[in-house]
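Going down the list, the protein sequences come from chains W and Z. If you read the first sequence in numbering that gives the first Met the number 0, its first letter stands for residue 0, the second for the next number, and so on. If you read the second sequence in numbering that gives the first Met the number 0, its first letter stands for residue 0, the second for the next number, and so on. The C-beta atom is built at its ideal place from N, Cα and C for all residues, glycine as well. Heads up: the structure comes next, in structure tokens.
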Amino acid sequence: MSVNEVQEYVTVTIAGQMFGIPVLQVHDVLGSIHLTNIPLAPMEVAGALNLRGRIVTCIDVRKRLGLPVSEDLTRRMSVVVEHHGEPYALLIDTVGEVLSLKTDQLEKNPATLDHRWREVSSGIYRMESNLLVILQIERLLDFAGGSVAA
Amino acid sequence: MDDLLSEFLTETNENIGIVDAALVTLEQNPDDETQIDNIFRLVHTIKGTCGFLGLPRLASVAHAGENVLGKIRDKELSVDADVVTIILEAMDVIKELLEALEQTEEEPEGDDADLIARLNAVAYGTAAPKPAAAAPAAEESSNVVEFSEEVSEAELEAAFLAAEGPDDVPAPAPAPEAETKAELQPGEVSLEELEAAFNAAPGPDDEVAAPPVAAPEPELVAEPVEAAAPVKAAPKAAAKEGAQKETAIANQSIRVNVELLEDLMTMVSELVLTRNQLLQMVRGMDDNEFTVPLQRLSHVTTELQEGLMKTRMQPIGNAWSKLPRIIRDLSHDLNKKIDLVMHGAETELDRQVLEMIKDPLTHMVRNSADHGLEGPEERLAAGKKETGRVVLDAYHEGGHIIITISDDGRGLNVEKIKNKVLENGLATEAELEGMSTQQIQNFIMRPGFSTAEKITNVSGRGVGMDVVRSNIEKIGGTVELKSEEGRGSVFTIKIPLTLAIVSALIVECGGERFAVPQISVVELVRASTDGRSENTIEMINEAPVLRLRDRLLPLVHLNEILRLETAADEVAEQSEVKGDEEFIIVTQVGAYTFGIVVDRVFDTEEIVVKPVAPILRHLSIFSGNTILGDGSVIMILDPNGIASTTGENVIGDHNIEEEALRDANDTDKVAMLICRAGGEEPKAVPLSLVARLEEVDVDTVEITNGQMVVQYRGKIMPLVTMSEKSKMVETGRQPILVFTDNERTMGLIVDEIVDIVEDRLNVEMASSVEGVIGSAVIRGKATDIIDVGFYLQKCFGDWFGSKETAAFGAATKSQRVLLVDDSPFFRNMLVPLLSVAGYEVSTAENPKEALLMRDAGKEFDIIVSDIEMPEMDGFQFAEEVLKDERWADTPIIALSSHTTPQDFDRGRQVGFSDYVAKFDRDALMNTLSQTLRAGGGAR
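See the structure below:
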């Protein structure tokens, strides 16, 4: 891995924690959304929404990470990513800025991290004020017994 | 791939398909000359094109096949199984070559000498002395040597040698000869024969005894063959001409890549969605400049959608084209005699659907022929005809295509299936005990039932039936099986016309909206939870059911299936929120009918089914999702999934007879309006008689001249009650049935309009009560059929010539009456009247239609015809009937509202047996029976 290689991440906050999503995977950032509930779906699936004529499955990242349900349900944002040609909206609290970070500064997940977090994180960046957890979209969407990865 | 080549491949594949089918037909009907010509022409085309494209191997096989066909066409060879088999074999080789060609774009290496030799052996027959065939040919071609038919072989050979030698014959010379020949007779015949002769001349030396003169022969003969080559040009040109005539029609159509169509379809689907969205937006606003252009857009979109749908439609026969061949091969291999009967091959359905049912269908037909039908001995022993039948039938019904595959074979052995079910642990003995025969039979379509080949021996069926079923269900279809041991089996496949755009019912449950494909919705029922309305949900040990007419309908609560209550954790609250009414969507999956209870029902919407995200694919309860006009995402419920999640995927209990009866009577079904009036018992009136259903405000009812009337559409409409017992409502609105004929309108007061049902109107009991024709069983209940004529008469006494009569019931049974009348009203009125009197009634809207019936070979015992009809009146009709001997002996009774002596005379003159005033039913009945009796009507 070259020393100068730089990766750009969109930062998002969920329950006070900052996460990074590779910017190239992000297609859209949505403000208020109208979700259609999908009964019987895995609990991580928050519903489906219409994004310019495409049906996007919405994933509640809080549930995926085992975080408590947000108190303020009205102000939620989502980041649309594409995986295997299918669009998914990741339900998060807020969207921050885009950061360019050197890949060689990525640190391994600490062994004490919750297994659910370790599953979806590819590593941690040490920022000045806080820590940035890098999310792996593939892993994040792989919760229903590997049906997405297939 | 080269365009030319790909075109050739498509065309040739198609042609081979036709040849396959035609050959099988030919085998059954060897004298069918058009078939022979057709096959010959197609094979010839294949050969010609192969030569043109430089595909020698294909050309030589086709050529050899053509030779055999030529012989058949010239009646030198009779069509039998062996001949057909070898030609089919040749077609198979061509198919293989084509496949290889498609893959590699090159003709594969190989040698077909053996096949060609065998083909030639058939063509020239080891029995037929080949030089004899060569002789006339040589005579024609060389134009030098003259022979009589009787020349001996040796002489012939000598002549051959003696002939100036084809080398000397100028090459063009044979051509004109051939041309003249072509003018005289179908050109190809003689030339093919000629060619064949030349081919035969060198002789398959290994098969036929070597000709006496051996040495010089090859040289000599080789030459004529070549000489014949230019000759061939002539017939080809002729053939081309013929082909061109055909392509003139073919030129009206073009071949379009299917992908392009699919893309277009997707785009139109998107367009429909956007249109819906726009419509929804504009609907909210009152008047606005967008309304008109949007309406136009909406129209155009709809038309575009329909047009595109049509381009995707293909006759189902395309999926069947291979079947005759398969059946034929099977019957040879298995030594069975099988008749394949196909009905409704022209029924069209979406290409995509067609592709998907092709294999299941083939599989099922093969199964029917292979496992379903018995061998000839077994059939004879069972008292059946030696030849088994496999019948394929396709027709439209609602938004569906119904395909049935029936055989008259041995049927399914329930006991054996039971054993197998137990063996495989699919059900317990107790469970089996409670199942109907049909449910047990349906196990053969269960996955896990047909695990091994040996099951074939056990059940006689079942190889891959689960695959067939899942394939059909994948496209939203259903398969049903009905079988009776020893009598045969019927598979009924029900599939949607198209997959792309479906009409869906939008419902609400637990605050969420869902779409239900309209296709699976049978009807909607509103039910109360507090017992106020007549439809009440009742519980059997916590299982909700609904009494729906004559049956008990199992119900499922959608919110329970979807666990919507628990999700909201408001179980207690929900039940209150539900309110006092619920909607039941009566749904049919296969033969299993059940109700889905939802909170609300909105309208229907055209939706484009989109697949759900992969993480949701395991939810069998949804068949997809879509975006509604208002832009929201909605999940589409899959009734199949609901049926299977709510327990057993039960298949209903229709039996074969019932089905057959239904099929037979489908056309005789009459839509009946069921109402209640003057008593609890249901009353029915043919719906076609009813002009409108109205509700009038009781306050607007006036009385004039002792008659209740209302002002209706600017006129006075009399109201009549069913009987003295029936009363008007005191206040509010009164439902009435409006009957109209020409200028006159009448309102019949009823207590309640119950339903509209389609059923066979079979009046079983004549009634002596005024105003009732008789009683019929409709939907399992004895129902009085209202005699509309009686009430019309009551209102307009003058309208009818004489006083009313009770139905005339003494006529001889099943006399066939043809009723010709242009007024649908009177047709509808007289049909029940006549049928109650025991006549078998057919109707014709006008004399032309009646004459068409005559041409179709139908026969009647008596004709009742109106006089005043447009285009051709009753007098002319009578003349027409008398002119032709087919119906000349059939008595005709004239019906007319004008009964002047002049008319009467004229009627008699043109051949009417009698003349009856139109509304004098008594007279009509009397005249009918008298006329029939007089004319030896005791038939």
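Short Cβ contact (8 Å threshold) for residue i with residue j
i: W/ILE58; j: W/VAL79; result: no
i: Z/ILE595; j: Z/LEU557; result: yes
i: Z/VAL719; j: Z/LEU747; result: yes
i: W/ARG34; j: Z/LEU618; result: Before going on, a small fix: residue 34 of chain W reads as Leu here, not Arg. Result no, Cβ atoms of W/LEU34 and Z/LEU618 do not sit closer than 8 Å.
i: Z/SER527; j: Z/GLU580; result: yes
i: Z/ILE620; j: Z/THR586; result: no
i: Z/VAL467; j: Z/HIS362; result: yes
i: Z/ILE949; j: Z/ALA368; result: Residue 949 of chain Z lies beyond the range of chain Z shown here (0 to 938); nothing can be said about it.
i: Z/VAL83; j: Z/GLU32; result: no
i: Z/PRO29; j: Z/SER59; result: no
i: Z/LEU627; j: Z/ILE635; result: no
i: Z/VAL753; j: Z/ILE673; result: yes
i: W/ASP92; j: W/SER69; result: yes
i: W/LEU66; j: W/SER77; result: no
i: W/VAL28; j: W/ILE20; result: no
Cβ of residue i within 8 Å of any chain W Cβ
i: Z/ASN28; result: no
i: Z/LYS609; result: yes
i: Z/PRO613; result: yes
i: Z/LEU504; result: no
i: Z/SER631; result: yes
i: Z/LEU562; result: Per the sequence shown, residue 562 of chain Z should be read as Arg rather than Leu. Yes, Z/ARG562 lies at the interface with chain W (some Cβ there is under 8 Å from its Cβ).
i: Z/LEU263; result: no
i: Z/LEU272; result: yes
i: Z/LEU618; result: yes
i: Z/MET634; result: yes
i: Z/ASN534; result: no
i: Z/GLU511; result: yes
i: Z/ILE626; result: yes
i: Z/GLU269; result: yes
Close-in-space but distant-in-sequence residues of the same chain around residue i (CB under 8 Å, 5 per side omitted)
i: W/GLU81; result: GLN24, HIS26, TYR87
i: Z/ASP883; result: ARG853
Closer than 8 Å to chain Z by CB, residue i
i: W/THR111; result: no
i: W/GLU85; result: yes
i: W/HIS114; result: no
i: W/ASN36; result: yes
i: W/THR56; result: yes
i: W/ALA14; result: no
Assigned secondary structure, residue i (DSSP; H/G/I helix, E/B strand, else coil)
i: Z/GLU870; result: coil
i: W/GLN135; result: coil
i: Z/ASP205; result: The predicted position of Z/ASP205 is uncertain, since its pLDDT is 41 and thus under 50; no value can be drawn from it.
i: W/VAL11; result: strand
i: Z/GLU507; result: strand
i: Z/THR645; result: coil
i: Z/LYS417; result: helix
i: Z/ASP883; result: coil
i: Z/GLU347; result: strand
i: Z/MET341; result: strand
i: Z/HIS298; result: helix
Own chain, CB closer than 6 Å to residue i, minus 5 neighbours either side, in chain order
i: Z/GLY410; result: SER482, GLU483, GLU484, GLY485, ARG486, GLY487, SER488
Distance cut-off 7 Å: residue i Cβ against heavy atoms of the ligand HEM
i: Z/PRO610; result: By its list of ligands, the structure shown contains no ligand whatsoever, and the ligand HEM lies outside what it can speak to.
Bridge partners - residue i, DSSP secondary structure assignment
i: Z/PRO717; result: Z/VAL708
i: Z/ALA916; result: Z/SER895
i: Z/ILE401; result: Z/TYR394, Z/LYS493
i: Z/VAL771; result: Z/ILE785
i: W/ALA47; result: W/THR35, W/THR56
i: Z/ASN441; result: The partner list for Z/ASN441 (beta bridge, DSSP) is empty, contrary to what the question assumes.
Within-8 Å CB hit, residue i to chain A
i: W/ASN49; result: Looking at the structure shown, chain A is missing, and the protein chains on hand are W and Z.
Own chain residues within Cβ distance below 7 Å of residue i, not counting five before or after
i: Z/VAL18; result: ILE38, LEU41, VAL42, MET90
i: Z/ASN639; result: GLU472, VAL588
i: Z/GLN279; result: GLY628, ASP629
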